[in-house]
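Take a look at the structure below.
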Amino acid sequence: MDSFDDTGLAFVKFGVGQSVARTEDPTLLRGEGRYTDDINLAGQAYAVMVRSRIAHGRLKGIDTAAAFAMPGVLAILTSDDLDAAGFNPLKCPMNIPQRDGSPMKTPVRPSLAKGKVRFVGEAVACVVAETALQAKDAAEAVELDIDELPAVTTPAAALAEGAPQIHDDAPGNLVLDFHYGNAEAVAKAFAEAAHVTRLEIESNRVVVNAMEPRSAIGSWDAVNERWVLNVGCQGVFGLRGGLAGVLNVKPDRLHVLTGNVGGSFGMKAPPYPEYAPLLLAAKKLGRPVKWTDERSESFLSDHHGRDHQRIAELALDKEGHFLAVRLSGTGNAGAYIYPPMPVTTNAVKNVIDVYKTPAMEVNSKVAFTNTTPIAAYRGAGRPEGNYYMERLIDTAAREMGIDRVELRRRNHISPEAMPYKAPSGMAYDSGEFTAVLDKALQASDWDGFEARKAESRARGKLRGRGIGSYLEVTAPAGKEYGGIRFEDDGTVTMLSGTLDYGQGHASPFAQVLTEKLGIPFDRFRLLQGDSDQLLAGGGTGGSRSAIVGSEAFLEAGAKVIEQGRAIAAHVLEAATVDIEFDRGRFRIAGTDRSIGLLDLASKLRDGMTLPEDVPQTLDVRHISDTPPSAFPNGCHVAEVEIDPDTGQIEVVRYFMVNDFGTLINPMLVEGQAHGGVVQGIGQAIFERTVYDELGQPVAGTYMDYALPRASDAPLFSIISHPVPCKTNSLGVKGCGEAGCAGALPSVMNAVVDALSEAGITHIDMPVTPEKVWRALNRG
5 MDSFDDTGLA FVKFGVGQSV ARTEDPTLLR GEGRYTDDIN LAGQAYAVMV RSRIAHGRLK
65 GIDTAAAFAM PGVLAILTSD DLDAAGFNPL KCPMNIPQRD GSPMKTPVRP SLAKGKVRFV
125 GEAVACVVAE TALQAKDAAE AVELDIDELP AVTTPAAALA EGAPQIHDDA PGNLVLDFHY
185 GNAEAVAKAF AEAAHVTRLE IESNRVVVNA MEPRSAIGSW DAVNERWVLN VGCQGVFGLR
245 GGLAGVLNVK PDRLHVLTGN VGGSFGMKAP PYPEYAPLLL AAKKLGRPVK WTDERSESFL
305 SDHHGRDHQR IAELALDKEG HFLAVRLSGT GNAGAYIYPP MPVTTNAVKN VIDVYKTPAM
365 EVNSKVAFTN TTPIAAYRGA GRPEGNYYME RLIDTAAREM GIDRVELRRR NHISPEAMPY
425 KAPSGMAYDS GEFTAVLDKA LQASDWDGFE ARKAESRARG KLRGRGIGSY LEVTAPAGKE
485 YGGIRFEDDG TVTMLSGTLD YGQGHASPFA QVLTEKLGIP FDRFRLLQGD SDQLLAGGGT
545 GGSRSAIVGS EAFLEAGAKV IEQGRAIAAH VLEAATVDIE FDRGRFRIAG TDRSIGLLDL
605 ASKLRDGMTL PEDVPQTLDV RHISDTPPSA FPNGCHVAEV EIDPDTGQIE VVRYFMVNDF
665 GTLINPMLVE GQAHGGVVQG IGQAIFERTV YDELGQPVAG TYMDYALPRA SDAPLFSIIS
725 HPVPCKTNSL GVKGCGEAGC AGALPSVMNA VVDALSEAGI THIDMPVTPE KVWRALNRG
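Going left to right, the sequence shown walks through residues 5 to 783 as my numbering numbers them.
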């Protein structure tokens with residue numbers, strides 16, 4: 005479809021549904037991106053954190069004398085300095101009720117350790133010097149007097165009687181005793197079931213490993229008497245609010261700035277302990293202070309993901325219809341609580357998956373341990389819910405002698421059942437789950453598998469295939485900012501409270517507004533990373549940006565049109581009610597008299613005088629109430645080959661059919677799916693976070709922590725089966741976390757299918773070569 009620019013000439017419209025290249029890519033590919041560590045402020049000093057090398061102990065003293073005497077050292081801050089400045093500890097803003105209705109335990113976290121250290125890598129002091137090397141040398145000279153205590157690294161050990169107490173205000177190390185569901189109905193269903201499938205299953209701990217390590221620069225604005233923080237994050241508005249609470253000031257006393265961000269996956273969302281001492285040091289020294297994590301520190305200080313242990317149970321009648329599902333087990337919080345912790349509860353939203361299951365129950369005990377804190381990681385507990393259900397289904401099919409495909413079809417929620425109220429409390433508005441499954445089976449040549457399996461066997465390899473259906477719950481409720489500003493140079497700035505940390509927001513948001521306002525795609529610019537420019541914002545997380553950002557911009561665009569009609573009526577000397585808007589132009593109905601939206605903007609820039617009762621600008625500053633959650637879903641089919649002599653696994657074929665609703669930009673959606681799937685493959689096959697009995701991390705570098713490489717990823721086949729949702733204007737559902745949700749079960753079901761030839765019916769992630777070899781040679 006053509007539209008028109010302000011000259012009335014036609015131009016190609018890059019609207020919703022087109023694969024438009026990311027506008028930021030040329031800058032990034034030329035190496036001209038501006039990440040936090042690329043920023044250097046005049047007169048800046050450098051900070052290095054002194055970190056505990058002991059997992060658990062009483063902090064009896066910090067000797068800084070030798071370090072202070074070293075060249076270039078400007079300051080060494082400890083918790084005493086933060087207390088003297090009136091700073092607060094970090095607090096978890098959420099509180100989930102326990103089984104008995106009492107609040108969960110949320111001990112505060114000091115930015116610099118006070119009285120105790122609770123995990124290896126906890127920041128104890130902040131050394132500031134003229135150069136980074138001087139700061140590093142001095143940090144190594146700081147002596148910590150720590151009386152070492154016994155450490156626990158697993159929930160089972162932490163919850164055991166007589167375990168060392170990590171926080172005084174969390175007796176028995178119990179963070180949360182969580183329960184959801186109708187226990188009586190579930191018990192009845194299991195008692196009457198013809199068959200019960202039971203699995204002990206684990207979602208292994210992973211290190212997040214964003215491409216860009218964390219970095220921050222703290223400054224003190226003496227003129228305006230407020231702090232400035234340059235930092236990579238997932239949303240400047242939310243980070244400002246959380247960190248202002250730590251600084252004990254109103255949010256407007258802190259200015260947060262974020263440029264390009266090299267990945268996060270949930271990890272960079274909340275305030276971190278390093279930020280408060282940086283800002284205090286900057287104020288004390290009267291100069292900016294810069295800190296950049298090294299990768300070895302990131303392994304210790306960045307939040308980790310996953311780490312849940314479950315007993316998963318599925319009750320079925322004699323025909324294989326699902327009667328109830330039950331999850332029981334533990335979750336590892338690490339040493340401190342961070343939002344959105346405890347992510348273990350998110351399994352409630354997703355364990356029902358795409359299947360009609362009358363009853364459910366989730367029981368989880370979350371424990372403190374002497375390990376790096378756990379927080380959100382791509383899906384934040386939701387991929388695990390799908391994983392548990394899909395593993396249960398394959399196991400039940402094998403145990404009952406029912407074809408695994410037929411068992412899924414038999415239990416699918418039908419399109420006619422929509423809207424469907426699941427026992428999770430979620431209200432599914434749309435979905436064609438059987439059609440998605442059938443399309444995935446066809447694409448993957450499911451019926452031709454036996455020939456491929458025979459060919460693998462001829463080469464001495466085991467081959468297996470796995471299905472991973474999934475349903476996600478995206479876009480948690482909140483408010484979002486959608487601002488539109490017409491600039492003096494003729495460009496249009498889009499202001500959003502979301503934040504692009506690799507997704508590529510600029511193009512799809514411009515596509516939405518190009519279609520809404522008829523303004524050429526290349527006129528738009530995106531501004532997200534300046535807290536002073538925003539009125540609200542939930543940041544990016546929970547696959548929310550396409551949903552809430554687009555909705556906010558559509559509402560803001562409607563206000564631009566409303567204001568523009570009144571201004572155009574004045575210019576065209578007509579009544580406002582007679583002004584129509586179409587494809588970027590205001591027109592008097594039934595005539596050829598019109599003016600372009602950008603023409604109006606130009607006249608306003610030139611100083612056009614308007615009556616007092618007419619809007620004085622086209623600019624809009626709009627806060628949107630976010631629409632209800634959406635439910636992206638899909639079916640992934642993976643095939644793996646296993647070398648029985650070495651235990652080596654290779655994912656050799658991978659097919660996915662996804663229902664993401666309306667696709668704003670199909671090319672970017674495919675990129676998101678690729679990334680999520682590779683991370684799922686990483687957790688399933690490669691990534692293993694290990695602590696020894698003293699709480700020391702064993703895998704702390706890329707020499708001993710395996711990540712998937714490009715050569716480990718198969719060629720992906722992606723098919724879209726869009727069923728627009730009914731919960732937002734565009735019908736978009738979100739796609740950022742779905743790749744993980746489909747990859748975990750499809751890959752693991754394929755691995756178990758291959759190993760079933762040797763009588764192996766279950767194995768936990770990660771299926772490293774050693775673990776597979778031992779399983780095959782256990783006798």
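Note that CB positions come from ideal geometry on N, CA and C, so glycine has one too.
Could you check which residue in the options has the C-alpha nearest to that of residue i?
{"i": "Asp149", "options": "Ala155, Ala162, Gly166, Val128", "result": "Val128"}
{"i": "Asp442", "options": "Lys465, Val409, Phe453", "result": "Val409"}
{"i": "Ile722", "options": "Arg713, Gly699, His678, Arg244", "result": "His678"}
{"i": "Ala136", "options": "Gln169, Asp151, Val293, Phe123", "result": "Val293"}
{"i": "Arg467", "options": "Gly324, Glu645, Asp617", "result": "Glu645"}
{"i": "Ala191", "options": "Val329, Gly119, Met271", "result": "Val329"}
{"i": "Asp716", "options": "Arg122, Ala455, Ala363, Ile689", "result": "Ile689"}
{"i": "Tyr695", "options": "Val124, Phe525, Phe513, Gly611", "result": "Val124"}
Where do the N-terminal and C-terminal ends of the beta strand (DSSP E) with residue i fall, by residue?
{"i": "Tyr184", "result": "178-185"}
{"i": "Cys744", "result": "Unbroken run through Cys744 is the alpha helix (DSSP H), 742-759; no beta strand (DSSP E)."}
{"i": "Lys95", "result": "Looking at the DSSP string, Lys95 is not in any beta strand (DSSP E), and its letter there is neither H nor E."}
{"i": "Arg218", "result": "From DSSP, Arg218 is part of no beta strand (DSSP E); its letter is neither H nor E."}
{"i": "Ser207", "result": "199-207"}
{"i": "Glu126", "result": "Careful: Glu126 lies outside any beta strand (DSSP E) and carries neither H nor E."}
Which partner residues of residue i appear in the DSSP bridge assignment?
{"i": "Tyr424", "result": "Tyr432"}
{"i": "Lys483", "result": "Asp629"}
{"i": "Asp29", "result": "Answer is none; Asp29 lacks a bridge partner."}
{"i": "Gly494", "result": "In the DSSP output, where bridge partners are listed per residue, Gly494 has none listed."}
{"i": "Pro107", "result": "Pro101"}
{"i": "Ala133", "result": "Tyr50, Val77"}
{"i": "Thr478", "result": "Ala634"}
{"i": "Val370", "result": "Leu180, Gly335"}
{"i": "Trp224", "result": "Trp231"}
{"i": "Gln620", "result": "Answer by DSSP bridge pairing: none, since Gln620 is not bridged."}
The alpha helix (DSSP H) spanning residue i covers which residue range?
{"i": "Tyr793", "result": "What the structure shows of the chain is the stretch from 5 to 783, and residue 793 is not part of that stretch, so it cannot be assessed."}
{"i": "Ala174", "result": "Where Ala174 is concerned, there is no enclosing alpha helix (DSSP H), given that its DSSP letter is neither H nor E."}
{"i": "Ile571", "result": "554-576"}
{"i": "Ala328", "result": "Per DSSP, Ala328 belongs to no alpha helix (DSSP H); it is in the beta strand (DSSP E), 326-338."}
{"i": "Ser795", "result": "A question about residue 795 goes unanswered here, because the residues of the chain that appear run from 5 up to 783."}
{"i": "His509", "result": "Run containing His509: none; DSSP gives neither H nor E here."}
{"i": "Leu247", "result": "240-251"}
{"i": "His678", "result": "670-685"}
{"i": "Leu711", "result": "No alpha helix (DSSP H) holds Leu711; DSSP gives it neither H nor E."}
Going by beta-carbon coordinates alone, are residue i and residue j separated by less than 7 Å?
{"i": "Gly684", "j": "Leu759", "result": "no"}
{"i": "Asn234", "j": "Thr40", "result": "yes"}
{"i": "Thr495", "j": "Gly553", "result": "no"}
{"i": "Glu484", "j": "Ala556", "result": "yes"}
{"i": "Thr157", "j": "Thr375", "result": "yes"}
{"i": "Arg597", "j": "Leu576", "result": "yes"}
{"i": "His855", "j": "Gly472", "result": "Here the chain covers residues 5 to 783 and nothing more, so residue 855 does not appear."}
{"i": "Arg244", "j": "Val260", "result": "yes"}
{"i": "Gly793", "j": "Phe241", "result": "No information on residue 793 is available, as it lies outside the stretch 5 to 783 that the chain covers here."}
{"i": "Ser511", "j": "Val20", "result": "no"}
{"i": "Pro615", "j": "Gly665", "result": "no"}
{"i": "Ile565", "j": "Gly738", "result": "no"}
{"i": "Thr580", "j": "Arg591", "result": "no"}
Just how far apart, CA to CA, sit residue i and residue j?
{"i": "His307", "j": "Asn350", "result": "18 Å"}
{"i": "Met660", "j": "Leu33", "result": "29 Å"}
{"i": "Ser448", "j": "Val673", "result": "20 Å"}
{"i": "Phe182", "j": "Ala155", "result": "24 Å"}
{"i": "Phe8", "j": "Leu530", "result": "Low confidence applies to Phe8: its pLDDT is 44, below 50, so where it sits in the model is not reliable, and the reading given next is rough at best. Cα to Cα, the separation comes out at about 22 Å."}
{"i": "Val771", "j": "Pro217", "result": "27 Å"}
{"i": "Asn213", "j": "Thr262", "result": "19 Å"}
{"i": "His574", "j": "Leu538", "result": "31 Å"}
{"i": "Ser302", "j": "Thr630", "result": "34 Å"}
{"i": "Arg310", "j": "Ala160", "result": "16 Å"}
{"i": "Asn367", "j": "Arg314", "result": "9 Å"}
{"i": "Gly763", "j": "Thr438", "result": "30 Å"}
{"i": "Thr373", "j": "Ile341", "result": "11 Å"}
{"i": "Val131", "j": "Leu304", "result": "18 Å"}
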